[in-house]
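Residue numbers (full-length UniProt numbering): 1 to 129.
See the structure below:
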């Protein structure tokens, strides 16, 4: 079961964040942090992201709000890309960021809007090619 969840997690994370980003994370893992990578892949991506209660788009939008609240800009960047991959629209992302302004604070939302502008511009540029 554990190796099945690990393989499911690898597949699912690659689908959401992109194969290249997944591969880079795995290649950068050392003996020290590989157990963390595998735990996150089994539990987060293999178990929780595979549950039927929420679709991927909804999970992505929820993640954005949580990452803003936690002040995790690097993860926010990754999950903004994932949200787009999972079908979230610019308008939905904007609404999550606006709501975070009220519940997480203006500085957190301001930083999130800046990051989102960059990620959305990258996505638009990539789509234009």
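All C-beta atoms in this analysis are idealised placements derived from N, C-alpha and C, irrespective of residue type, glycine included.
Beta-carbon proximity of residue i to residue j, cut-off 8 Å
i           : j          : result
residue 45  : residue 72 : no
residue 17  : residue 77 : no
residue 97  : residue 83 : no
residue 100 : residue 88 : no
residue 50  : residue 7  : no
Alpha-carbon spacing of residue i relative to residue j, whole angstroms
i           : j           : result
residue 48  : residue 125 : 32 Å
residue 69  : residue 40  : 20 Å
residue 156 : residue 60  : No information on residue 156 is available, as it lies outside the stretch 1 to 129 that the chain covers here.
residue 24  : residue 127 : 22 Å
residue 105 : residue 29  : 34 Å
residue 118 : residue 58  : 22 Å
residue 123 : residue 102 : 27 Å
CB-CB length for residue i against residue j, believed under 8 Å
i         : j          : result
residue 5 : residue 56 : The pair is not a contact, with the Cβ atoms about 17 Å apart (cut-off 8 Å).
Okay, do the segment 26 to 39 and the segment 62 to 74 touch, 3+ Cβ pairs below 8 Å being the bar?
no
In chain order, which continuous runs of the alpha helix (DSSP H) of length 4 or greater are located wholly inside the segment 54 to 96?
Listed in chain order, the complete alpha helix (DSSP H) runs (minimum 4 residues) inside the segment 54 to 96 are 56 to 70, 73 to 85.
Runs of 4 residues minimum, wholly inside the segment 10 to 61: which ones carry the alpha helix (DSSP H) assignment?
19 to 28, 34 to 39, all fully within the segment 10 to 61.
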